[in-house]
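Novice: Next up is a structure, given as structure tokens.
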Amino acid sequence: MKITEPLFIPSIHKFGLSTSTIWDSMERDITYVVQIIPDWDAIPESFDAGVIIRNGKHTGLQVSHENGVAFAKGIVWTKVGSEEIPTVNAISLGEISKIKGEYINLVFHHSHKRKEIGLIVGFKDWTNPFTIKMNYEGDVVDYTDSWLWIGCCLGLVNDEDIMGKFHGEIKLAAAFQREFNDRDFLKMFPSNEEPDFTYENYYKLWSYKHPIFYCDFKDRTPYKFKDLSGNGNNLCVYREEWGDMF
Amino acid sequence: MSSIKNIDKQQEQSKKKLLDIDDTQKVARKYIERDNPHLLKTKDKLDNISPSMCLAKWTQVTLQLQTGHNHSCHHPKTHKINKKEIARNPSALHNTNYKKRQRRLMQTGIRPPECDYCWNIEDSSDRFSDRVFKSNEDWSMNSYDEIKNAHWRDDFNPRYVEVAFSNACNFKCSYCGPAYSTTWMDEIDKYGGYRTSTGFNDPKGLVVEDKIPILKRDPNPYVDSFWEWWPDLYHDLHTFRITGGEPLLSKDTWKVLDYIIEQKNPNRDLGLAINSNLGAPKELIDKFIKKMKIIEDNNLVREIIIFTSVDTWGEQAEYIRNGLDFNYFWDNCYTILRELDRVNLTFMSTYNALSVPNYRKLIHGVYKMKEEFTSADRYWNSATFLDSSYLRHPAHQTVQVLPMEWSNEIFKQAQDVDYLALPIFEHMYVGYSDIEVQKIKRIYDWMLSRNNEAALNRNRKDFGIFFKEHDKRRGTDFCKVFPELADFYHKCLETKADWREKK
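If you read the protein sequences in the order shown, they are chains C and H. Under the working numbering, residues 12 to 257 are what the first sequence spells out, in order. Under the working numbering, residues 46 to 548 are what the second sequence spells out, in order.
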């Protein structure tokens, strides 16, 4: 699905219909899983495009490129003493000219207990994904009021720089309360095979990973994409005229 | 000395506690003032007359002409209309001596006991009661000065009138009764009431409450008085809603529609609403659409809302609403939306225990209608509404009798409606509104709130007794239509006083 408008899940469901809440998800372990095709020509150089982000002091997954080389970044902000500092974990995706139009499979993991953020990256024909982990100092800053955005860093603003808009396609977006390892990654994105993100496959393989939401972007209304996990965390399209009463 | 010190200390603590409560109330009040300035203004205006004042006692009435009962508003129990009073003054259908005495209490600051629904809310919370909401409506507040200056003996033409002309009805819905349905009446005449612990629909209850319906073929003095009053009432009306029975089977419904059509000087401010089960014979449905089309095309009213009823989908809906042919009904809904391109069709769903297994299909069916027929030309934003209200009586058929795992299904249904909901309630958007989502969530919350184990066992036992007898009398087969609930049904049949659900 080509991302044309920001998508979001509010921190708290206004009718209490979410069974796996977003607001406190950074106070536990969390894993974001996505499959994307960035439109590298449309993403400005040295610009952090939000793939899946909790806004504020942004945390989650971003992509960017510099001097013809693409990167995936995992980020979290922590409080050390009285200071708030970012911890950024970055991984090179290779030269843009070689990866243009290709699907990138990405996993971001935050381990609350180990104070660690990790990234797992793979392309369609990779038999082994690439994993890096990094520890952070201090405690994660308060994200309880932050919304979760897909396709940008913050949709509530008009300023392109602050919005951090992602250009490209997204085929899967999901969040789990359990960590993904390389084996899980290859089960989700099998090498040289078309992955199956359908509900049936999700239910068979992934429901045990304590999903927060899971969206293959196939079931939709004009305003929402269905959360197949059954947790009621549907991805809402954001438009300014709708205000912020979600 | 030490004991005095202790008392002082205790007094100091109580004082602090009181101050804390006072502060909390102040904060709550601040939020109420911020979020509802118009309601606060209305409450102040009412209090200016008296703290027990409610305009709805003047402006709103429900008339049950088949039994000669009325109430203002819909919260107090109905009371009998005096035939002698209406012989002298047809507006006594609403302005009964009994009601005038309640108005007098209100004007003098005394709370009428029949309005305890609102007093309970006001005494137990900072929330506004319906007394404020109903008085705040256009159809009430516009008459504020007139009512303020009125003497309690004065007659007053209501602005919001609901009327049932007769109990003639081709359906006998499982939770309904003879006061509202002639087919129910026939069944009760033949077999008597059901042998549940409450004696469901036992005719003795109707005698005690003086609610034996007047037969359609017999003269009805209440209907006669209504027609005497109608020419005077019509031009004062803000909203007129015809209920029943099945209104399309009543000649008086057609008389109302013809009256509106034939008026040289119609009340174009009138909101016209009609309830129908949309299961009447084809020629009546066609006639109804034809007349509504004339009213719609000639702008003879401000708006038209057609209320219909269905509680779930397909065969299961047919079982709940005995007499319903679901496909015929659904086709009629489509015909109405196709032919009448301005009306709103509201589905009044009496959500009960038997609604749960298949309600999702109804949710998606109504959504399809919204998609197909929502248009800026309609009186309301949406072509259809799904108004899901939970059944409270009879207790044996409410969702609370079901095993608790069924609450998950209700929760999923609320999630489904939320998924199909729109971001803001505007013409250009299609989907469910916040209130449609909340009403299903409320059913879930209500199911969870059950806490009386003894009553639960009694109601489950009644569930078994009622549907066993229902199948016998009506030739239906509960377990065939509700295979999902068959085990539960059998357990209900075996229920002893000590049956407990496993936690």
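We put the CB at the ideal spot given by N, CA and C, even for glycine. What you are looking at is a predicted structure, and each value in this text was computed from that prediction instead of being measured.
Chain H beta carbons: is any one of them nearer than 8 Å to that of residue 224 of chain C?
Specialist: no
Novice: Going along the chain, which residues of the stretch 160 to 185 of chain H sit with their C-beta nearer than 9 Å to a C-beta in chain C?
Specialist: none
Novice: Pick out whichever of C:38, C:84, C:65 and C:212 has its Cα sitting closest to the Cα of residue 144 of chain C.
Specialist: Taking each of C:38, C:84, C:65 and C:212 in turn and checking the Cα distance to residue 144 of chain C, the smallest one comes out for C:84.
Novice: Is there contact here, the stretch 441 to 448 of chain H with the stretch 221 to 228 of chain H, by at least three beta-carbon pairs under 8 Å?
Specialist: no
Novice: Along the chain, where does the beta strand (DSSP E) that runs through residue 71 of chain C open and close?
Specialist: 70 to 77
Novice: Return the bridge partner residues of residue 390 of chain H from the DSSP annotation.
Specialist: H:351 and H:429
Novice: Taking Cβ-Cβ distances shorter than 9 Å, what residues in chain C pair up with residue 465 of chain H?
Specialist: 232 and 235
Novice: Since residue 482 of chain H meets chain C, which of its residues come closer than 7 Å, beta carbon to beta carbon?
Specialist: Those within 7 Å of residue 482 of chain H in chain C are 26.
Novice: Within the chosen definition, does the stretch 189 to 198 of chain C reach the stretch 58 to 66 of chain C through at least 3 CB pairs nearer than 8 Å?
Specialist: no
Novice: Which residues bound the beta strand (DSSP E) around residue 473 of chain H?
Specialist: Careful: residue 473 of chain H lies outside any beta strand (DSSP E) and carries neither H nor E.
Novice: What does DSSP give as the partner residues of residue 441 of chain H in its beta bridges?
Specialist: None; residue 441 of chain H has no bridge partner.
Novice: Beta carbons nearer than 8 Å to chain C: which residues of the stretch 301 to 319 of chain H have them?
Specialist: Considering only beta carbons, no part of the stretch 301 to 319 of chain H lies closer than 8 Å to chain C.
Novice: Please report the distance separating the alpha-carbon of residue 234 of chain H from that of residue 240 of chain H.
Specialist: 15 Å
Novice: Which residue from H:277, H:294 and H:336 puts its Cα closest to that of residue 312 of chain H?
Specialist: H:277
Novice: Can you pull the chain C neighbours of residue 82 of chain H, defined as C-beta to C-beta under 9 Å?
Specialist: Here the premise fails: no neighbours, minimum Cβ distance about 18 Å.
Novice: Please decide whether residue 66 of chain H counts as near chain C, where near means a Cβ-Cβ distance under 8 Å.
Specialist: Low confidence applies here, because residue 66 of chain H scores a pLDDT of 46, under 50, leaving its location unreliable and the question unanswered by this model.
Novice: Along the chain, where does the beta strand (DSSP E) that runs through residue 247 of chain C open and close?
Specialist: 246 to 248
Novice: Determine the direct distance from the alpha carbon of residue 130 of chain H to that of residue 271 of chain H, and round the result to whole angstroms.
Specialist: 13 Å
Novice: Would you call the CB atoms of residue 378 of chain H and residue 315 of chain H closer than 8 Å?
Specialist: no
Novice: Roughly how many angstroms lie between the CA atoms of residue 141 of chain C and residue 475 of chain H, to the nearest whole one?
Specialist: 45 Å
Novice: Comparing the C-beta of residue 146 of chain C with each C-beta of chain H, is any distance below 8 Å?
Specialist: no
Novice: Quick check: what's the CA-CA separation for residue 529 of chain H versus residue 361 of chain H?
Specialist: 11 Å
Novice: With 8 Å as the threshold, decide whether the Cβ of residue 469 of chain H is near any Cβ in chain C.
Specialist: yes
Novice: Hey, how far is the Cα of residue 123 of chain H from the Cα of residue 290 of chain H?
Specialist: 17 Å
Novice: Locate the beta strand (DSSP E) running through residue 119 of chain C, then write down its first and last residues.
Specialist: 115 to 122
Novice: If we define contact as Cβ-Cβ less than 8 Å, is residue 71 of chain C a contact residue for chain H?
Specialist: no
Novice: Are there any heavy atoms of the ligand GDP lying less than 7 Å away from the beta-carbon of residue 218 of chain C, as far as the coordinates show?
Specialist: This structure simply doesn't include the ligand GDP, nor any ligand for that matter.
Novice: Excluding the 5 residues flanking residue 119 of chain H on each side, which residues of the same chain have their C-beta closer than 7 Å to its C-beta?
Specialist: 107
Novice: With distance defined between alpha-carbon atoms, name the residue in C:253, C:95 and C:179 nearest to residue 75 of chain C.
Specialist: C:179
Novice: Show which residues of chain H have a CB atom less than 7 Å away from the CB atom of residue 245 of chain C.
Specialist: Within chain H, the residues near residue 245 of chain C are 464.
Novice: Excluding five sequence neighbours on each side, which residues of the same chain lie with their C-beta closer than 6 Å to the C-beta of residue 544 of chain H?
Specialist: Model confidence at residue 544 of chain H stands at a pLDDT of 47, short of 50, so the residue's coordinates are unreliable; what they give is reported in the following sentence. 502, listed in sequence order.
Novice: Would you kindly report the start and end of the unbroken alpha helix (DSSP H) that includes residue 499 of chain H?
Specialist: 498 to 519
Novice: When the Cα atoms are used, what is the spatial distance from residue 519 of chain H to residue 220 of chain H?
Specialist: 15 Å
Novice: Looking at C-alpha atoms only, which residue of H:492, H:192, H:491 and H:536 is the closest neighbour of residue 512 of chain H?
Specialist: H:536
Novice: Decide if residue 242 of chain H is buried, meaning its Cβ has at least 16 other Cβ atoms within 10 Å, or exposed.
Specialist: exposed
Novice: In or out: residue 174 of chain C buried (at least 16 other Cβ within 10 Å) or exposed?
Specialist: buried
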